[in-house]
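Chemist: One structure, as structure tokens, below. Some questions next.
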Amino acid sequence: MKFLRIQLVLCLFAFLSVQCKEVSTPKPRGYFRINFPEHEYDTLQHGFPYSFEYPEYTKIAKDRSPSAEAYWINIEYPEYRGKIHLSYKSVDNNLREILEDSRRLAYKHSIKADAIGEKLFEAPEKKVYGILYDIKGDAASSVQFFLTDSVRNFLRGSLYFNVIPNKDSLAPVVDFVKEDIYHLMETFEWKSLSDN
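Numbered per mature numbering (1 follows the signal peptide of the UniProt record, and there is no 0), the sequence shown spans residues -20 to -1, 1 to 176.
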């Protein structure tokens, strides 16, 4: 009888240990959900040889880097630790060199990029022409672009984040900022400084 009880207890223990085992399934690695504000814009107007609409949730700051020139500014996204660096140059029979320099700076990211797409931009009624470089992968800059009137003015833009590049975690923010860049390009106009 004692032997039967021991066997019964052991069987019950074995049954319960098998029943209590959790079946675990691997879960994919995830990232925090990011809530974005509505796209609303203000107009940059005074003191520059250009104007465009920029997002209300950003901050416009003068570029304070040692190499900064006149009319260089940053559109800062403090919540996402990102900046669109805008650098302006006047064209003086050197458009070819400026264009090649801009292209070289965009393709400098090809070492880490999976692909670089080019999208042509034209607004002939405003004399605004350019290219947007869509840089895929873990490159330091995800988007670069330039705008020019082909005669006197040139503006280059580049998007950078102050984080380690990770295409998966940055993708929603890059897509959000890319909409702002498209809007900037579509609302962009050249001005003479006497218009200010």
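C-beta: ideal position from N, C-alpha, C; glycine also.
1. Exposed or buried, D94, counting other C-beta atoms within 10 Å across all chains shown (16 or more means buried)?
2. Which same chain residues, not among the five before or five after I96, have their C-beta less than 8 angstroms away from its C-beta?
3. Taking the DSSP output, what are the residues bridged to D114?
4. Tell me, to the nearest whole angstrom, how far the beta carbon of Y68 is from that of Y51; I am working on the premise that it is less than 8 angstroms.
5. How about the region 140 to 157 and the region 48 to 62: do they share at least three Cβ pairs that are nearer than 8 angstroms?
6. Let me confirm a value: H65 is counted as buried when at least 16 other C-beta atoms fall within 10 Å, else exposed. Which label applies?
7. Taking the alpha helix (DSSP H) that H163 belongs to, which residues open and close that run?
8. Please report the distance separating the alpha-carbon of L75 from that of R13.
9. With distances taken Cα to Cα, identify the nearest neighbour of A151 among E20, N133, V123 and F168.
Modeler: The relevant details are as follows:
1. Numbered from 1 along the sequence shown, position 114 holds the residue referred to as residue 94. The residue is exposed, with fewer than 16 neighbouring Cβ atoms inside 10 Å.
2. Counted from its first residue, the sequence shown places residue 96 at position 116. Counting only Cβ-Cβ distances below 8 angstroms, and skipping sequence neighbours, we find A86, Y87, H89, S90, Y113, D114, I115 and K116.
3. Mapped onto the sequence shown, residue 114 falls at position 134. In DSSP, D114 forms a bridge with G97 and V123.
4. Locating residue 68 in the sequence shown gives position 88, counting from the first residue. Locating residue 51 in the sequence shown gives position 71, counting from the first residue. 4 angstroms between Cβ atoms; contact.
5. yes
6. For the purposes of this step, residue 65 is taken as residue 85 along the sequence shown, with counting starting at 1. So H65 ends up on the buried side.
7. Position 183 of the sequence shown, counted from the start, is the residue given in the question as residue 163. From DSSP, the alpha helix (DSSP H) with H163 extends over K147 to T167.
8. Residue numbering aside, residue 75 sits at position 95 when the sequence shown is read from its first letter. Residue numbering aside, residue 13 sits at position 33 when the sequence shown is read from its first letter. Spanning the two alpha carbons is a distance of roughly 43 angstroms.
9. Reading the sequence shown from its first residue, position 171 is the one you call residue 151. Checking every option, the nearest Cα to that of A151 belongs to V123.
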